[in-house]
Amino acid sequence: MNKKYLFGIIIVLLVGVIAVSVFNRKKENNLVVGSLLPLSGQYGAYGTMAQRGQLLALDEIKSKYNDSIKIAFFDTEYLKDVALSRLMEAKNNNVKYFVEIFGSDQVEHCLDYAYNNNLFVFSGVDTKPDLVEKGKGNFACIMPSDADATREIFLWMEEQNMKNVAILYVNDDWGEGLLSSALYNLSNSSLNLVGQFDINRNQQSFTSTVSKIKEKNPDALCVFIYPDDGGRFIKEASRQNLKAELYATENFTGNDMIKTAQSLAEGVKLIIPATSGNNPVNKQLVEKYMEKYKEEPTIFALKGYDAVLVLYDVLQKAKNIASEDYTIDDVKNVIRDNYHFYGATGDIGFNEKGEFIPTKYERMVYTIKDKEIQLVPVK
Amino acid sequence: MIYEILKLGFFYGCFIGMVSIGFALIYNILHIVDFAHTDRLIVSGYVFVSALTFTNHFAAVILAVAAGVIFAFLSEWLIYRQVRKYNPKLLLLTTFGLSIVIQNVLAIIFSDSLKEYPFVEQTVLQSNLYIRELLIFPVLLIISLLLYYWLKKTKSGLSIRASISNLERAKTLGVPINKIYIIVFVFSGIIAGLGGVYLSMGYGLTPYSGFKIMIFAFSACLIAGLNNVYGSVIIGIIIGISLSVFEMLFNALSAELFTLLGLITILFIKPHGIFGEKLRII
Amino acid sequence: MDLLIYLATKAVIFIIFLIALNSLMLGKMNLWAIGNIVYFSLGSFITGFVSNNWGINDNRLYLLFLIVPVAVSIVSLIFFYASRVFKQDFFLFFSLFFIELNFVANKMVAGSSGYSHIIRPSGIQSDLSLLVFSVILLIICIVWINNFDKSRVNKLHSVMRDSEILAFSWGININKSQIPLFIASAILSGLMGVMFAFCTYGADPKLFTTNNMIILFALLILGGIDSIQGAVVAGLIFVFFTYSLESALSSTFQIHAPKITQIVFGILLIVIPFIMPKGLFGKRNFQ
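Protein chains in written order, with numbering that gives the first Met the number 0: chain A, 0 to 378; chain B, 0 to 281; chain C, 0 to 286.
Here is the structure:
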């Protein structure tokens with residue numbers, strides 16, 4: 000076949016493929032919100048946790064309000080570029096409201112586009128402190144920021160008479176964000192920073208890391224790493240007899256750490272946004288989650304659940320005020336108007352700037368109870 | 000701390016050295032870098048970890064080695080041999096393709112998260128060494144000695160050396176070349192199996208961890224000189240130690256950077272390798 | 000529509016990058032230059048560095064079209080002299096080193112998630128204007144390559160590619176003759192890196208990995224060696240077909256769509272020697 004014709008045929012075929020996939024979308028009559036999560040790759044497990052919480056929230060909305068809102072899930076692979084193109088694709092499909100763009104760097108990368116295209120982004124898990132400001136009103140989140148978390152940790156350390164502190168962090172956007180917040184808060188505390196150490200995500204050996212930390216001999220170690228890496232770190236720390244007290248954020252909860260470190264996790268201290276206690280919503284969600292997925296929900300699932308319910312509630316309130324033609328400005332006004340919602344993670348409220356009012360933190364410690372390692376509140 | 004670092008580096012280097020033996024053998028026979036070699040290692044690792052859920056360690060090791068051997072055999076028989084018949088020059092791309100397919104199939108089956116060894120490792124007696132650390136160096140020595148004995152003293156080893164020396168002449172003299180390839184791949188499969196066991200016990204597995212190991216293991220072959228299988232073991236150990244030392248001095252990311260820079264510098268100065276002869280125009 | 004323009008711009012950028020790789024490195028010098036992704040990433044990261052660290056977000060960004068060529072020329076010269084003794088599979092392996100080194104260095108300098116919020120200079124601020132600019136660059140590139148193909152210098156490179164010994168016997172200094180092409184290919188790749196950073200508003204180290212480069216290389220082989228049409232087809236498939244396949248698979252195999260796409264490309268790499276050793280539009284067989 001003549002090469003020119005072949006070339007032409009290939010171009011036509013490719014254009015056809017593009018047209019079919021990009022433009023041929025069913026028009027949805029129901030409300031569709033977008034959720035951009037890493038469903039594959041190193042962070043796929045966390046995206047999946049958030050997705051599970053969101054799906055349970057959908058079931059809740061259906062059973063309670065008989066409303067069939069849909070969530071369009073997009074896999075961002077935890078890449079900024081892919082997140083942006085998925086956001087464009089979602090916008091192409093008339094999705095204006097997003098219940099999640101997972102990853103502080105990913106959402107930051109998308110905020111300009113969201114603002115310029117009048118999209119509203121809600122998040123259950125992003126923690127970078129300046130996202131609301133950068134979102135220019137088109138972004139809201141319900142997770143306390145890194146600044147609040149690290150402040151709480153250092154307060155606890157001071158109460159426990161710790162003097163020398165070291166920080167261990169994973170060198171990705173989340174870990175680096177926590178580090179910069181920690182360094183800022185550390186400068187306002189009486190604690191002395193003796194070292195900061197970074198690890199790679201899924202780092203295979205912690206021998207050098209633990210040896211270096213041991214050399215600095217800190218009283219306390221902030222562990223800003225993922226639970227699966229954390230489990231292996233704790234194993235190595237135990238082997239090398241590292242004496243420092245370990246402090247971590249809510250990200251450190253979950254089965255991954257326990258599966259690996261098992262009883263060695265005893266004594267690890269965590270601060271988590273207050274979700275326990277007599278919270279019937281939380282108890283109900285935990286029951287449903289365990290029934291469906293046979294494991295306890297992590298903070299990602301809890302926040303994913305709350306994010307969907309809060310966004311739905313806000314959209315309904317905006318509809319009530321401004322009828323079916325409600326706009327993003329109506330949604331923003333609802334959030335800023337003394338809005339409160341009681342979810343699985345406790346009271347969710349925003350100030351007049353649309354910033355999340357952080358809840359109290361609970362202090363927890365891993366303790367061996369009935370031969371099992373469990374997270375118990377510190378009295 | 001220095002002791003811990005050097006110890007860690009030495010054992011990791013032994014692992015790299017062992018993997019580089021497989022690369023060196025395949026390269027000398029087929030004259031290609033088999034990028035899928037470390038992916039077969041990862042497959043063996045996953046088989047080992049999965050087998051531990053229903054059997055004991057010894058049986059799991061046997062299964063892992065068997066998986067490595069079967070994969071290596073199938074790679075050669077089903078894919079590489081057919082590609083060689085059509086266009087041997089594209090074999091390199093084929094190994095890449097196979098590597099990508101294996102990685103992503105593993106990621107689909109086992110997910111991208113790190114798969115851990117399901118037990119807490121215990122140190123042996125008072126030595127502060129894990130059992131895999133105690134065994135890796137003797138296993139490496141045994142493999143090297145077996146290889147030496149096999150190549151020097153056996154008929155099949157002689158055939159392999161003849162094929163390495165001059166493939167065309169070996170063919171005309173009736174050396175069963177396809178059989179030789181199978182034997183070499185089976186041997187590399189055994190190495191992959193044992194390597195997979197070591198890696199899964201000590202470091203955990205992700206579907207994509209094979210790539211970095213491949214970089215370091217093959218560079219050990221290159222720097223040693225491609226015809227020097229035993230030299231690659233020594234260079235592998237040196238690479239392992241340098242990774243550990245740089246990690247101690249800086250951090251994990253810098254360790255890779257400085258080690259890679261060092262390797263490139265050595266290749267720049269000695270492109271034919273430290274111990275190798277000038278085989279051909281590279 | 001903006002998604003289509005965005006993808007089209009990316010496709011044009013990759014087409015120019017692949018033309019630089021296919022027509023210059025692979026076509027003229029028979030070098031498996033997968034290391035060209037390093038120049039591409041350098042262009043992106045220099046753009047990110049200038050924009051984020053130096054805070055330059057106005058028309059001075061156009062100076063990048065001068066700065067980046069100088070920077071990548073220096074790097075390519077270093078790489079050329081470091082790799083001059085390596086050919087084919089060794090050159091490819093040495094290039095792998097280079098890519099890995101670049102990846103680690105990028106992470107160290109720019110952080111694990113790279114740079115964001117890269118502002119485009121005026122004139123190419125809208126997506127459409129950026130696309131138009133990219134298409135103009137593509138046309139210039141195609142015209143230049145076509146003229147080069149018809150020139151005497153190309154004949155010289157054909158001789159060197161087919162038989163280095165013959166060229167050497169004619170008194171041709173092979174290394175010296177290859178340097179201009181090396182640098183030209185690096186400059187084109189670097190400039191496309193700058194365009195890519197403008198297009199995606201960022202530079203992420205995870206995009207410039209060996210896996211992506213191997214897939215591009217495989218698509219080039221499919222397209223055909225030393226062929227502009229081959230590079231065009233490869234670029235279009237890499238951007239559009241990948242995106243469409245992942246979108247289509249997402250509804251059924253949500254979490255596996257990117258992996259299945261990679262498996263498809265891996266199988267392509269295995270099967271190409273059987274079905275089309277010359278590719279679709281190649282001028283000769285892959286060597």
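No residue lacks a Cβ here, since even glycine has one placed at the ideal position from N, Cα and C.
- Message: Does chain A have any CB closer than 8 Å to the CB of Gly201/C?
- Response: yes
- Query: Between which two residues does the beta strand (DSSP E) containing Phe48/C stretch?
  - Reply: No beta strand (DSSP E) contains Phe48/C, which DSSP labels as neither H nor E.
- Is the shortest distance between the beta-carbon of Asp111/B and the beta-carbons of chain A less than 8 Å? yes
- Message: So Met256/A contacts chain C; which residues on that side make the cut at Cβ distance below 8 Å?
- Response: None at all; the shortest Cβ gap to chain C is about 21 Å.
- Message: Give me the DSSP bridge partner(s) of Lys268/A.
- Response: Tyr246/A, Val364/A
- Measuring alpha carbon to alpha carbon, tell me which of Gly102/A, Asn250/A, Asp312/A ends up nearest Lys63/A. Asp312/A
- Roughly how many angstroms separate the alpha carbons of Asn368/C and Gln121/B, rounded to a whole number? The shown model of chain C, from 0 to 286, leaves out residue 368/C, and the question about it has no answer.
- Among the residues of its own chain, which have a CB less than 8 Å from the CB of Leu41/C, if the five just before and after it don't count? Val67, Ala70, Val71, Val74, Asn101, Gly189, Gly192
- Measuring only between beta-carbons, confirm whether Phe6/A sits less than 8 Å from chain C. yes
- Ala106/B CB to nearest chain C CB: under 8 Å? yes
- Message: Classify Thr297/A: buried if its beta carbon has 16 or more other beta carbons within 10 angstroms, exposed otherwise.
- Response: buried
- Task: Work out the CA separation of Gly52/A and Glu295/A for me, nearest whole Å.
- Result: 11 Å
- Message: Going by C-alpha to C-alpha distance, which of Ile367/A, Lys331/A, Glu286/A, Pro279/A sits closest to Val267/A?
- Response: Ile367/A
- Task: With Gln105/A as the anchor, note down where its alpha helix (DSSP H) starts and where it stops.
- Result: 103-115
- Determine, using beta carbons only, whether Gln105/A comes closer than 8 Å to chain B. no
- Task: Using three-state DSSP, classify Asp346/A as helix, strand or coil.
- Result: strand
- Task: Following the continuous alpha helix (DSSP H) through Leu91/B, name the residue where it begins and the one where it ends.
- Result: 90-109
- Alpha-carbon to alpha-carbon, Ala23/B and Leu259/B: 19 Å
- Query: Should Val119/B be flagged as near chain A, meaning a C-beta pair shorter than 8 Å?
  - Reply: yes
- Quick one: list the residues of chain A neighbouring Ala230/C, beta-carbon separation under 9 Å, in chain order. Chain A residues near Ala230/C: none, gap ~12 Å exceeds 9 Å.
- Message: I believe Leu35/A touches Gln50/A by the beta-carbon criterion, under 8 Å. Please report the beta-carbon distance rounded to the nearest angstrom.
- Response: The Cβ separation is near 11 Å, so there is no contact.
- Task: Give me the Cα-Cα distance between Lys84/B and Phe273/C, rounded to the nearest whole angstrom.
- Result: 10 Å
- Item | Residue nearest to Glu248/A in terms of C-alpha spacing, selected from Asp329/A, Leu13/A, Gly176/A, Asp129/A | Correcting the residue type first, residue 248/A is Thr in the shown sequence and not Glu. Taking only the C-alpha atoms, the option nearest Thr248/A is Gly176/A.
- Boundaries (first-last residue) of the beta strand (DSSP E) holding Leu374/A: 371-376
- Item | N-terminal and C-terminal residue of the beta strand (DSSP E) that Asp197/A is part of | 191-198
- Examine chain C for any beta-carbon lying closer than 8 Å to the beta-carbon of Ile9/A, and answer yes or no. yes
- Task: Could you say which of Phe147/C, Leu3/C, Phe39/C lies nearest to Asn92/A if we only look at CA atoms?
- Result: Leu3/C
- Message: With a threshold of 8 Å between beta-carbons, can Leu5/B be considered close to chain A, or not?
- Response: no
- Using DSSP bridges, identify the partner residues of His339/A. Gly348/A
- Query: Is Arg362/A closer than 8 Å to Trp155/A when the C-beta atoms are compared?
  - Reply: yes
- Using a beta-carbon distance below 8 Å, is Glu132/A in contact with chain C? no
- Leu182/A vs Val164/A beta-carbon contact at 8 Å: no
- Message: Does the CB of Ile41/B have a neighbour CB from chain A at under 8 Å?
- Response: no
- Message: Do Phe95/B and Ile213/C count as a contact pair if the criterion is CB distance below 8 Å?
- Response: yes
- Task: Specify, as a first and last residue, the run of the alpha helix (DSSP H) that Tyr292/A falls within.
- Result: 279-292
- Beta bridge counterpart(s) of Cys221/A as assigned by DSSP: Ile166/A, Tyr246/A
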